[in-house]
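Residue numbering for the sequence shown follows this note's numbering, beginning at 695 and increasing consecutively.
Only one structure is covered here, and it is reproduced in the block below.
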Amino acid sequence: MTTVLFTAFEPSGDRHAAPVVAELRRRHPEWRLLAAAGPFTEQAGAVLVAETASAGVMGLEAARRLQELPALVGQLQQLLPDQGPVVHIPVDSPAAQFRITPAFRARGAKTVHWVAPKIWARRWDGRLAKLRRQTDALACLFPFEADWFVRRGIPATFVGHPSFSRAIEASPTAGLPETTHRVAILPGSRSQEIRDNLPLMLEVMDRLRSEMDVSGVIVAADSRAAQQIEALNQNRYPVRSGDIDGVLAWSSFAFAVSGTVTLDVARHRRPGIGIYACGLAFRMIAKMLIRGMVLPPNLVLGREAMPELAPIAMDPELVLGAVRALLNNDQALRQQVKAWDELHEMYEGHDPGAGVADLVDGVLA
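Here's what the structure looks like:
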């Protein structure tokens, strides 16, 4: 019997894994699908053997999590069969995945990486050789990635993005304010992101409300994030947990922390702005390592369709000026929406669940 093991260490990875689990369960109901992940993979049909994706972490907490990996590997190896095909699907979180993948490969497992590490975004990155050694197939989120990796000797395939593979079925969330400008406030899912960015976003929103007819609703990624957000928000703005589609359907503008959520904004064809506020040390490191744009929609399009302020200091004047200018520029808002039409065309016809499942079937052929 074939065994497939998913490992995911953040809520986004858990969500990315879920459609792959569902597709493999549909194609191969007799296979054994195991997951060290979270509730989405479990709901999709995998046996959850370890809860590893309940909260995104950064900094010292992330370092502590890395120290726990040997124990996790030992636990997972006990669940793998001595005979029969095994496929390991590491989902994003390369810092953790590169540490655990060799142990499974040493036992003969094939490796299908789902979500390419953003090696291409850095001026220098020593992970390319590791990826080459640890990969039988690489499934890419962004259209330009596959060619970049193939030219460097890594078997890569563009499979699409989960944000664009599901239809928008949600109606606007009921009971939210009806104002001229309706802002979806998207502060990220990691606790440090929320801590660094939400106070700045709230200050900007407070000042905008004193100038124009604007309302805001905060979207929390999950209940844990909602608790942290409520503590910072102090009842200033409504908070909706896990309701990104409903809030974006209600909104006319998105105020987002840089990350995957900006693709959800583009999927809903909403204009917006992306920010990433952080401390001086992180900004200095980022400016040394990262080249070019950082927002996923801009990377895919190859131009700055959505204005991005990342990384920046906690500077409300800078962000307020940028948001105010956008809200007062109807032409710029319309141009963003046209850019999202281009993005939809680029992802049309790509089903990441089926695409990754094809790669799994391929490495076993």
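Glycine included, each C-beta is placed from N, C-alpha and C at the ideal position.
Remember, it's a predicted structure, so these values are computed and weren't measured experimentally.
For the pair of segments examined, the region 702-718 was found to touch the region 768-786: the number of CB pairs separated by less than 8 Å reaches three.
The residues 842, in chain order, have a CB closer than 6 Å to that of residue 814 in the same chain once the five nearest residues on each side in sequence are set aside. Within a 10 Å sphere around the beta-carbon of residue 838 sit fewer than 16 other beta-carbons, which makes this residue exposed.
Membership of residue 812 in any beta strand (DSSP E) is not indicated, and neither H nor E is assigned to it by DSSP. Restricting attention to 933, 921 and 927, the CA atom closest to the CA of residue 871 is found in 933. Nearest to residue 991 by alpha-carbon distance, out of 979, 963 and 972, is 963. Going by C-alpha positions, residue 1034 is about 16 Å away from residue 950. For residue 862, the number of other beta carbons within 10 angstroms of its own is below 16, and it is reported as exposed.
DSSP assignment within the region 853-934 yields the following whole alpha helix (DSSP H) runs of 4 residues or more, N-terminal first: 856-859, 885-903 and 917-927.
Between residue 876 and residue 944, the C-beta gap is smaller than 7 Å, which places the two residues in contact. The beta carbon of residue 1021 sits closer than 6 Å to those of 875, all from its chain and outside the five residues before and after it, given in chain order. Using a Cβ-Cβ distance cut-off of 8 Å, the region 901-920 and the region 967-977 are not in contact, since fewer than three pairs of beta carbons, one from each stretch, lie closer than that value. Cα atoms of residue 796 and residue 826: separation of roughly 12 Å, rounded to the nearest angstrom.
In the DSSP secondary-structure assignment, residue 783 is bridged to 700. Taken through DSSP and simplified to helix, strand or coil, residue 792 comes out as helix.
Taking a 10 Å sphere around the C-beta of residue 1023, we find fewer than 16 other C-beta atoms and assign the residue as exposed.
Rounded to the nearest angstrom, the Cβ distance from residue 763 to residue 790 is 6 Å, consistent with a contact under 8 Å. Under the three-state reduction of DSSP, residue 979 is assigned to helix. Annotation: the continuous alpha helix (DSSP H) that includes residue 1057 extends over 1046-1058.
Shown here, residue 949 sits in a strand according to DSSP, grouped into three states.
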